[in-house]
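Undergrad: The opening position of the sequence shown corresponds to residue 1114 in my numbering, with each subsequent residue numbered one higher. Sharing a structure with you now.
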Amino acid sequence: MKYAIGLDLGGSSIKYGLVGNEGTIVKEGKIPSCADESAEKIVGQLLLAVDTVTQYAKENDMEICGIGIGTPGIVDEKNGIVLGGAENLAEWENIPLAKIVKEHSGLDTYVNNDANVMGLAEARFGAAKGCTDVVFLTVGTGIGGAVIIGGKLYGGYQNRGTELGHFPFVANGEPCACGSVGCLETYASAAAMVKRYRKMYEEKHKSSSPDVDGEHIINLYKSGDETAIAAIDENCNFLGHAIAGFINIFSPQKVIVGGGLTDAGEFYIDKIRDAAMCYVMSDCAVNTTIERAVLGNKAGFMGAVGLCFSSQ
Ligand SMILES: [Zn+2]
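Printed below as a string of structure tokens:
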């Protein structure tokens, strides 16, 4: 068995794990990322996680073959440099992360975008295990995506692409956090669904909406609340349109959908699947199934480990 260290850097925490090449997690943990302090502090926390895991491996006579890191932002994955674009991490640009971590640990280090590594995790160890061609979407505050073609992460030239959440979904639509307008995530993220629910509630009741989140709306949906049903129906319909587009372009074996709302139950993915299959070109979808992600919040560090095993 080969083992590697996976690090999943997020806005509030770093999740880490020591994982075998078959996907067995032998150690995992979480420490604060200190994302709002400085790049130096964030790097310090990453190295602290590395030290914790290497110490554990040493005590248990386990050999580590490398380190993988998933980070928000645009990543030059060939050189392991974070280029920028991670708005919730202080000073997180032009960081030669692979070099820093390798110099500290003596281990080969691989870095890629966080949504990309989550997709890789599902393809290697999770819901799309055994598939070579996969489209992955994570639907939360925003929408992240990954595309795996021929068993490899596809990122476009210099790994600057596959921003599936920023596919222009509505021409001249609502402003998006990325600076453009009409992006998919502006319409179909969990945050967008909550916003739509509140708007529909206010129109219907002529009073301000209670403070609700996605989970609350799912519960209302299950209890038959009309506004919640309309908001969820619309969200699944939007995602279905987008997924139909991705199937028409990539014709993957599986489309995997992850993120908070997919924990709501199989009904949510069923609705997305029904919508997607309504809009897709059927010839493009003959080999495609749409399924729920299974790795949850372990997908980040498991996919990071996948970067090591894919490179060796
Ligand atoms: Zn956008």
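Glycine included, each C-beta is placed from N, C-alpha and C at the ideal position.
Any heavy atom of ligand 1 closer than 6 Å to the Cβ of Ser1293?
TA: The residue you call residue 1293 lines up with position 180 of the sequence shown. Correct: Ser1293 has its Cβ closer than 6 Å to ligand 1.
Undergrad: So which of Lys1115, Ile1194 and Gly1274 has the shortest CA-CA distance to Gly1179?
TA: Taking the sequence shown and counting its residues from 1, one reaches residue 1179 at position 66. Relative to the Cα of Gly1179, the nearest Cα in the group Lys1115, Ile1194 and Gly1274 belongs to Lys1115.
Undergrad: Helix or strand or just coil, what does DSSP make of Val1163?
TA: Position 50 of the sequence shown, counted from the start, is the residue given in the question as residue 1163. Of the three classes helix, strand and coil, the one that applies to Val1163 here is helix, per DSSP.
Undergrad: So, under 8 Å CB-CB, Ile1369 and Ala1228 are touching, yes? Tell me the CB distance rounded to an integer number of Å.
TA: As a working note, residue 1369 is residue 256 in the sequence shown. As a working note, residue 1228 is residue 115 in the sequence shown. At roughly 12 Å, the Cβ-Cβ gap does not stay under 8 Å, so Ile1369 and Ala1228 are not in contact.
Undergrad: Go through its chain and collect everything with a Cβ distance to Ala1301's Cβ below 8 Å, but skip five positions before and after it.
TA: Walking along the sequence shown from the start, residue 1301 turns up at place 188. Taken in chain order, the residues that qualify are Val1252, Ile1256, Phe1282, Asn1348, Phe1351, Leu1352 and Ala1355.
Undergrad: Write down the C-beta distance between Gly1056 and Val1195 rounded to the nearest angstrom, noting that I regard them as a contact closer than 8 Å.
TA: Absent from the model: residue 1056. The displayed extent of the chain is 1114 to 1425, so no value can be given.
Undergrad: Does the region 1398 to 1408 come within contact of the region 1374 to 1389, defined as at least 3 CB pairs closer than 8 Å?
TA: yes
Undergrad: Got a sec: does ligand 1 put a non-hydrogen atom nearer than 6 Å to the Cβ of His1318?
TA: Reading the sequence shown from its first residue, position 205 is the one you call residue 1318. No, the beta carbon of His1318 sits no closer than 6 Å to any heavy atom of ligand 1.
Undergrad: Since Asn1332 is in the alpha helix (DSSP H), which residue starts that stretch and which ends it?
TA: Numbered from its first residue, the sequence shown carries residue 1332 at position 219. Boundaries of the alpha helix (DSSP H) harbouring Asn1332: Gly1327 to Lys1335, taken from the DSSP string.
Undergrad: Suppose the cutoff is 7 Å on Cβ atoms and the five residues either side in sequence are ignored; what does the same chain contact list for Ala1284 look like?
TA: Start at 1 with the first residue of the sequence shown, and residue 1284 comes out as number 171. Around Ala1284: Gly1295.
Undergrad: Is the distance from the Cβ of Val1188 to the Cβ of Leu1131 below 7 Å?
TA: Sequence index remark: in the sequence shown, residue 1188 carries index 75 (1-based). Sequence index remark: in the sequence shown, residue 1131 carries index 18 (1-based). Cβ atoms of Val1188 and Leu1131: not closer than 7 Å.
Undergrad: What residue range does the alpha helix (DSSP H) around Gly1358 cover?
TA: For this step, residue 1358 is matched to residue 245 along the sequence shown. Looking at the DSSP string, the run of the alpha helix (DSSP H) that includes Gly1358 is Glu1339 to Phe1363.
Undergrad: Does DSSP classify Thr1299 as helix, strand or coil?
TA: What you label residue 1299 is simply residue 186 of the sequence shown in a count that begins at 1. If DSSP states are grouped into helix, strand and coil, Thr1299 belongs with the helices.
Undergrad: Helix, strand or coil for Ala1203 per DSSP?
TA: Position 90 of the sequence shown, counting from 1, holds the residue named residue 1203. Reduced to three states, the DSSP call for Ala1203 is coil.
Undergrad: Along the chain, where does the alpha helix (DSSP H) containing Val1380 start, and where does it finish?
TA: By one-based count along the sequence shown, residue 1380 stands at place 267. What sits at residue 1380 in the sequence shown is Phe, not Val. Its alpha helix (DSSP H) spans residues Glu1379 to Tyr1392.
Undergrad: Which whole-angstrom value describes the C-beta separation of Val1418 and Gly1119, a residue pair presumed to lie in contact below a C-beta threshold of 8 Å?
TA: Sequence index remark: in the sequence shown, residue 1418 carries index 305 (1-based). Sequence index remark: in the sequence shown, residue 1119 carries index 6 (1-based). Right, their Cβ atoms sit about 4 Å apart.
Undergrad: Do Gly1416 and Leu1233 come within 7 Å of each other at the CB atom, strictly closer than that value?
TA: Position 120 of the sequence shown, counted from the start, is the residue given in the question as residue 1233. Position 303 of the sequence shown, counted from the start, is the residue given in the question as residue 1416. Closer than 7 Å, so yes.
Undergrad: Please say whether Gly1258 and Leu1250 have beta carbons closer to each other than 7 Å?
TA: Along the sequence shown, one-based indexing puts residue 1250 at 137. Along the sequence shown, one-based indexing puts residue 1258 at 145. In this structure, Gly1258 lies closer than 7 Å to Leu1250 by Cβ.
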